[in-house]
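Undergrad: Before I ask anything, let me first share the structure, which is written out below as structure tokens.
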Amino acid sequence: MKVLIVGSGAREHALTWKALQSPLTDAVYCAPGSAATASIAINSGLQATDVEGIARFVAERDIGLTVIGPEAAVDAGLADRLGPSGRLVFGPTRAAGRIESSKAFAKSLMARAGVATPAYRVFEDPASAKDYVRGERRAFVVKADGLAKGKGTLVPRDADETLECIDTLMLRKTVGAAADRIVLEEKIEGREVSLMALVDGERVVALPPACDYKRALDDDKGPNTGGMGGYSPVSFFNEDDVTRAVDTVLRPVARVLQEEGTPYRGCLYAGLMVGSSGVQVLEFNARFGDPEAQVVLPRLADDLMPLLEAAARGELGGVKPSWSRQASVGVVLASRGYPGTYQTGYPISGLGTLEPGVFAFHAGTSAGAGGYLTAGGRVLTLVALGDSIAEARDRAYRNVDRISFHGVTCRRDLALRELGAPALP
Ligand SMILES: Nc1ncnc2c1ncn2[C@@H]1O[C@H](COP(=O)(O)OP(=O)(O)O)[C@@H](O)[C@H]1O
Ligand SMILES: [Mg+2]
């Protein structure tokens, strides 16, 4: 089978790497791919949202399975275009993808499915949103309804800051039309965990949970980023917790989407808050997480392709992937200044010196004469496996220190909170 991986980040590098290990794959193409995928697969030169270009490419090259990485390609309707021509697609239609592309849709869907999520209100004009906050005199999480590349959710401390956040999104339009509508959500406390699952329209197969780190600096300080790293498994979210979340969150949501005529096929990602009153859903993503995919995929002991193909065909019945007992920790190496302004074009050294069991998934690199150059804010996700989180963590940071480029930065506290946790089963 020929496979097309849509996207260009470290998540897609990990998907490409895993797809290439499959005896079922004859060739792996990427759209557009990256300098790193060019060295292991075939970059098509097509942008992820070039739906017509990709549809032509899929027909011409007889691609057996298209795997959608980024939400922009979901929202561009790539699955809608490929599906009717009989081509297998792993990734939801635009309508099913509204679970990510509209937070208001996701909230009302959860209400219809009986899924626990913080209380909320939707507003289309800033004046009534602010009136509501003034009346309530407390802080709300302010969320742009639409896709905003991680910049659409603001978490103020009090009512006054909440009013400012409404202005930021709706009047100063920092995320554009994505905030024409906003959700004001009750602020809740707890520990966050990301639960991804393969969904075939009806059946749900959970992947091991992971934690990601969104803030730029140690101790969750600094601005929000696309993600500075993560780890898997998660001591405070065990197999029973996963089973319960599948029963109370993922399966009910998939069932309602199916009943409403917009079945979900692909990876469904639930961002969960685990608090004293149980598990509540903060958001859904209609795709693999980045960096979650980079820490979860290396733990998959099985071939990835039959799993994605089964989900795309609606045949996940009886599918039960096996997972490595090893833990993984992924550290993002970023350019100094990210997520603000940063410079690129610096040579990266040390990639050839990584220990076995350590993977460098490229997020923003380009090919230079003597090797890779930095080409983005997030440059690499370095992922290490180990017999425990502690071992994976030590190995990850030992290898982080072998890589250098001008202005390299990373968080030093990833998975630190797991070190006091009990050993893996
Ligand atoms: N109701 C909430 N209470 C407390 N914190 C929240 C709440 N909703 C979101 N957050 C915080 O904001 C982050 C981003 O919110 P999320 O809904 O995931 O939006 P997005 O990923 O689209 O920016 C979450 O990871 C969490 O840390
Ligand atoms: Mg999120």
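Residues in the sequence shown are numbered from 2 upward in steps of one, following the working numbering.
C-beta atoms are modelled at their ideal positions from N, C-alpha and C, and glycine is treated no differently.
#1: By DSSP, does His-407 sit in helix, in strand, or in coil?
#2: Going by DSSP, what residue range makes up the beta strand (DSSP E) through Thr-375?
#3: Does the region 154 to 164 come within contact of the region 206 to 224, defined as at least 3 CB pairs closer than 8 Å?
#4: Three or more beta-carbon pairs under 8 Å between the region 107 to 120 and the region 39 to 48, yes or no?
#5: Taking the DSSP output, what are the residues bridged to Pro-33?
#6: What distance in whole Å lies between the Cβ atoms of Val-282 and Ala-11, which are believed to be in contact at a cut-off of 8 Å?
#7: Anyone know if the C-beta pair for Tyr-265 and Ala-97 falls short of 7 Å?
#8: Which residue comes first and which comes last in the beta strand (DSSP E) that contains Arg-266?
#9: Starting from the C-beta of Val-29, find all residues in its chain whose C-beta is less than 6 Å away, skip the five residues before and the five after it, and write them out in chain order.
#10: For Tyr-343 versus Ser-350, is the C-beta spacing smaller than 7 Å?
#11: So, under 8 Å CB-CB, Asp-76 and Leu-170 are touching, yes? Tell me the CB distance rounded to an integer number of Å.
#12: Where DSSP assigns a beta bridge to Thr-382, which residues make up the other side?
#13: Put Gln-281 into one of helix, strand or coil per three-state DSSP.
#14: Any residue with its Cβ nearer than 6 Å to a heavy atom of ligand 2 should be included. What is that list in chain order?
#15: Closest by CA to Thr-244, which one among Gly-341, Leu-196, Glu-203 and Gly-228?
#16: Cα separation between Asn-239 and Gly-371?
#17: Quick one: does the C-beta of Lys-188 sit closer than 6 Å to a heavy atom of ligand 1?
#18: Return the chain-ordered list of same chain residues with a C-beta closer than 8 Å to the C-beta of Val-134, the five sequence neighbours on each side being excluded.
#19: By the 10 Å Cβ neighbour count, where 16 or more other Cβ atoms means buried, how is Glu-190 classified, buried or exposed?
#20: Assuming the contact rule is C-beta atoms closer than 8 Å, Asp-414 and Asp-213 should be a hit. Round their C-beta distance to whole Å, please.
#21: For a quick check, are the C-beta atoms of Val-332 and Ala-397 less than 7 Å apart?
#22: Consult DSSP for Tyr-398 and reduce its assignment to one of helix, strand or coil.
#23: Quick check: what's the CA-CA separation for Gly-387 versus Ile-183?
#24: Leaving out five residues on either side along the sequence, give the residues of the same chain with a beta carbon under 6 Å from the beta carbon of Val-176.
#25: What's the call for Ser-129, buried or exposed, on a 16-neighbour Cβ count within 10 Å?
#26: Residue ranges of each alpha helix (DSSP H) run of no fewer than 4 residues wholly in the region 35 to 68, ordered along the chain?
TA: In this structure, then:
#1: The count along the sequence shown starts at 1 and reaches residue 407 at position 406. Coil, per DSSP.
#2: Taking the sequence shown and counting its residues from 1, one reaches residue 375 at position 374. Segment 372 to 375, the beta strand (DSSP E) holding Thr-375.
#3: Taking 8 Å as the limit for Cβ pairs, the verdict is that the region 206 to 224 does not touch the region 154 to 164.
#4: Remark: fewer than three beta-carbon pairs, one from each stretch, lie closer than 8 Å, so the region 107 to 120 and the region 39 to 48 are not flagged as touching.
#5: One-based indexing of the sequence shown puts residue 33 at position 32. Its beta-bridge partners are Gly-8.
#6: Taking the sequence shown and counting its residues from 1, the one referred to as residue 11 is at position 10. Taking the sequence shown and counting its residues from 1, the one referred to as residue 282 is at position 281. Between the beta-carbon of Ala-11 and that of Val-282 there is about 25 Å, and that puts the pair past the 8 Å contact cut.
#7: Here the question's residue 265 lines up with position 264 in the sequence shown. Here the question's residue 97 lines up with position 96 in the sequence shown. Yes, the pair counts as a contact, with Cβ atoms nearer than the cut-off.
#8: Locating residue 266 in the sequence shown gives position 265, where the first residue counts as 1. Under the DSSP assignment, Arg-266 falls in the beta strand (DSSP E) whose first and last residues are 266 to 276.
#9: In the sequence shown, residue 29 corresponds to position 28, counting from 1. The residues are Val-4, Thr-17, Ala-20, Leu-21 and Ala-42.
#10: For this step, residue 343 is matched to residue 342 along the sequence shown. For this step, residue 350 is matched to residue 349 along the sequence shown. Contact flag unset, no.
#11: By 1-based counting over the sequence shown, the position of residue 76 is 75. By 1-based counting over the sequence shown, the position of residue 170 is 169. With a Cβ gap of about 19 Å, Asp-76 and Leu-170 do not count as contacting.
#12: Numbered from its first residue, the sequence shown carries residue 382 at position 381. For Thr-382, which the question treats as bridged, DSSP gives the partners Val-333 and Phe-362.
#13: For the purposes of this step, residue 281 is taken as the residue at position 280 of the sequence shown. Taken through DSSP and simplified to helix, strand or coil, Gln-281 comes out as strand.
#14: This selection yields Gly-272 and Glu-284.
#15: By 1-based counting over the sequence shown, the position of residue 244 is 243. It is Leu-196.
#16: Position 238 of the sequence shown, counted from the first residue, corresponds to residue 239. Position 370 of the sequence shown, counted from the first residue, corresponds to residue 371. C-alpha separation (whole angstroms): 45 Å.
#17: Taking the sequence shown and counting its residues from 1, the one referred to as residue 188 is at position 187. Yes.
#18: Position 133 of the sequence shown, counting from 1, holds the residue named residue 134. Contacts found: Phe-141, Ala-160, Thr-163, Leu-164, Ile-167 and Leu-185.
#19: For the purposes of this step, residue 190 is identified with residue 189 of the sequence shown, where counting begins at 1. Glu-190 is classed as exposed because its beta carbon has fewer than 16 other beta carbons within 10 Å across all chains shown.
#20: By one-based count along the sequence shown, residue 414 stands at place 413. By one-based count along the sequence shown, residue 213 stands at place 212. Actually they do not touch by this definition, with Cβ atoms about 13 Å apart.
#21: Counting from one through the sequence shown, the residue named residue 332 turns up at place 331. Counting from one through the sequence shown, the residue named residue 397 turns up at place 396. Between Val-332 and Ala-397, the C-beta gap is smaller than 7 Å, which places the two residues in contact.
#22: To locate residue 398, count along the sequence shown from 1; it is residue 397. Tyr-398 falls in the helix class under three-state DSSP.
#23: Reading the sequence shown from its first residue, position 386 is the one you call residue 387. Reading the sequence shown from its first residue, position 182 is the one you call residue 183. Going from the Cα of Gly-387 to the Cα of Ile-183 covers about 42 Å.
#24: As a first step, residue 176 must be located in the sequence shown, where it is residue number 175. Ala-145, Ala-149, Lys-152 and Gly-153, listed in sequence order.
#25: Your numbering for residue 129 matches position 128 in the sequence shown. Exposed: under 16 other Cβ atoms inside 10 Å.
#26: Listed in chain order, they are 36 to 39 and 52 to 62.
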